[in-house]
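Residue numbers (the working numbering): 96 to 510. C-beta: ideal position from N, C-alpha, C; glycine also.
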Ligand code: LLP
C-alpha cells in the first residue's frame with residue numbers, strides 16, 4: 096500500500112507516493128504542495144468528532160481559499176465561513192450554496208452586507224448592534240429577511256499568541272457578553288432580520304480546551320436566556336481555533352475538544368456550527384523552496400538563504416511562528432544550528448534561528464512543513480515578488496492548481 100500524507104521515499108520527501116522534488120523541478124520554487132488525502136482525513140476526523148449531535152462544519156476560508164482546495168472541501172460536505180465579500184465570491188465559485196455560507200468579519204462594508212443579504216446566506220455573523228441595524232435597513236429596503244447571528248465577546252483569554260487571540264474585551268471583536276441578550280431581543284423584533292444564532296470565536300492556534308469550553312458555556316447561557324423569552328435559535332456557532340502540533344508537542348486533542356464543547360452544548364439540544372480552518376488544512380501543506388545562498392558571518396552564525404520568505408509565508412515574521420524545515424532529499428553530514436532566512440530586505444524575513452540542518456548547498460530543496468493554513472492566503476507582492484504557485488497531490492498524481500503569478504498579471508491593474 097502506498098503511504099499517504101508526507102513521507103520519506105527513495106527519491107526523498109514524498110506526498111501520497113509522489114516525490115515532491117518532481118513538482119519543484121517541473122514548476123519551479125517557491126511552490127506550495129498540498130495533500131488531498133490529508134485534507135480529506137482531517138476534515139472527516141473533525142466532522143466525526145461531533146458524532147450524532149446535529150452539527151455543520153463551516154470551513155474557514157481564510158486558512159486556505161485556493162479554488163481546488165475549496166472544491167475538495169465542498170465535495171466532502173463542508174460549509175463555508177467567509178470573512179469578506181471576496182471570500183463569499185470565491186466560495187460561490189467553488190460551488191458552495193448561499194445556504195452553506197456564514198459571513199463573519201469585524202468590519203463589513205455596505206456593499207458586502209448588501210451582497211450577503213441579496214444572496215440570502217445561512218447567516219451574517221454581526222459584530223455590533225449598529226451592524227444589526229444596518230443589515231435590517233438593507234433587508235427591509237430589499238423586501239427581504241436576512242438570517243443573522245450575533246458574535247459574543249466573552250472576555251476569555253484564549254492563551255494563544257496575542258495577535259490571534261480575539262475573545263477578550265481589549266480585542267475589537269463582538270459584543271460584550273452582558274449586552275448580548277438585550278441586543279438579540281431588539282434584533283429579533285426587527286422586520287428585516289431573522290435571528291438565527293449566537294457566534295463566538297476566541298482565537299486561533301488554541302492549545303488548551305478550558306477557554307474554548309468556557310466560551311461555549313457562556314454562549315449557551317445566553318441562548319437559554321433568549322429561549323426563556325421565546326427567541327429560539329437555529330444553532331450556536333462556536334467558531335474555530337483548534338491548535339495543531341507544529342512540532343512533536345503542542346496542539347489540541349480533537350476528541351477532548353469535541354467532548355468539551357458537546358458537554359456544554361448537547362444538554363441545550365441546540366445544533367452546532369463550527370468554523371475550523373487551520374486544523375483541516377495546516378498539516379496538509381508544505382512550502383517547497385530552494386537554497387539560493389549559504390554564508391557564515393564572523394562569529395560563526397550561518398545563514399541559509401531561501402527563495403521563499405515572508406512574502407510566501409508570513410507566519411514566522413509576523414508571529415514568530417516556528418515551522419519545521421527539512422531537506423527534501425537526504426543530505427550527508429552532521430546537523431548544526433543555522434538561521435533559515437528569506438530573500439526580502441527585512442531582518443524579520445526569517446524562518447528562525449537554530450534550525451538543526453545538515454550542511455546544505457545552493458540549489459538544495461527544502462520543505463517548510465505545516466504551511467497549508469495561513470500560508471498562501473497571506474502571501475504578498477512585497478518586493479514585487481509574484482504570488483507563489485500551488486500544487487495538489489491527489490490519487491498518486493499532482494496537478495498545478497495555481498500558476499505562479501506573472502509580472503503582467505501583477506501589473507494588470509496599474510496604468
Ligand atoms: N472563525 C473566525 C471568525 C475566525 O476569525 C477564524 C480565524 C476562524 C474561524 C478559523 O480559525 P482556525 O480554526 O484556523 O484557528 N493568520 C493567523 C491565524 C488567524 C486566524 C484568524 N481567524 C496564523 O497564521 O496563525
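query, result
"For residue 446, the three-state DSSP class (helix, strand or coil)", "coil"
"Cβ neighbour criterion (16 or more within 10 Å) applied to residue 457", "exposed"
"Contact under 8 angstroms by Cβ, residue 405 with residue 448", "no"
"Ligand 1 heavy atom lying under 7 angstroms from the CB of residue 223", "no"
"Span of the alpha helix (DSSP H), counted from its first residue to its last, around residue 132", "131-144"
"Where the beta strand (DSSP E) through residue 363 begins and ends", "Where residue 363 is concerned, there is no enclosing beta strand (DSSP E), given that its DSSP letter is neither H nor E."
"Proximity test, residue 132 beta-carbon vs ligand 3 heavy atom, cut-off 7 angstroms", "No copy of ligand 3 appears in this structure; the ligands present are ligand 1."
"Residues that DSSP places opposite residue 110 in a beta bridge", "101, 113"
"Cβ neighbours of residue 349 in the same chain (closer than 8 angstroms, five flanking residues each side left out)", "140, 141, 144, 337, 374"
"Sequence-distant residues of its chain with Cβ nearer than 7 angstroms to residue 355 (five each side left out)", "304, 307, 308"
"Any non-hydrogen atom of ligand 1 closer than 7 angstroms to residue 299 Cβ", "yes"
"Residue 423 - DSSP class collapsed to helix/strand/coil", "coil"
"Opening and closing residue of the alpha helix (DSSP H) in which residue 511 lies", "Missing from the structure shown is residue 511; the chain here goes from 96 to 510 and no further."
"Supposed close pair residue 154, residue 175 - CB separation, criterion 8 angstroms", "6 angstroms"
"8 angstroms Cβ cutoff met for residue 159 and residue 468", "yes"
"Exposed unless 16 or more other CB atoms sit within 10 angstroms - verdict on residue 238", "exposed"
"Validate contact between the segment 361-376 and the segment 397-414 using beta carbons, cut 8 angstroms, 3 pairs", "no"
"Contact between the segment 479-490 and the segment 425-434 (3+ Cβ pairs under 8 angstroms)", "no"
"Which of helix, strand or coil DSSP assigns to residue 181", "helix"
"heavy atom of ligand 1 below 7 angstroms from residue 341 C-beta", "no"
"Alpha carbon of residue 265 to alpha carbon of residue 476, nearest angstrom", "32 angstroms"
"Ligand 1 heavy atom lying under 7 angstroms from the CB of residue 373", "yes"
"Range covered by the alpha helix (DSSP H) that runs through residue 268", "From DSSP, residue 268 is part of no alpha helix (DSSP H); its letter is neither H nor E."
"Straight-line Cα distance separating residue 451 from residue 215", "52 angstroms"
"CB of residue 328 within 8 angstroms of CB of residue 291, strictly", "yes"
"Cross-strand partners of residue 390 (DSSP beta bridge)", "398"
"Length of the line joining the Cα atoms of residue 379 and residue 454", "27 angstroms"
"CB contact flag (residue 161, residue 384, <8 angstroms)", "no"
"Beta bridge counterpart(s) of residue 186 as assigned by DSSP", "Note: residue 186 sits in no beta bridge, so no partner."
"Inter-residue spacing [alpha-carbon to alpha-carbon] between residue 499 and residue 119", "12 angstroms"
"For residue 153, the residue or residues it bridges with in DSSP", "174"
"contact_flag[the segment 249-261, the segment 226-237] where n(CB pairs < 8 angstroms) is 3 or more", "no"
"Beta-carbon contacts of residue 190 that lie in its chain and below 7 angstroms, excluding the five residues immediately before and after", "166, 169"
"Beta-ladder partner(s) of residue 219, from DSSP", "198, 243"
"Check whether residue 182 and residue 156 have beta carbons under 8 angstroms apart", "yes"
"Three-state secondary structure (DSSP) of residue 356", "helix"
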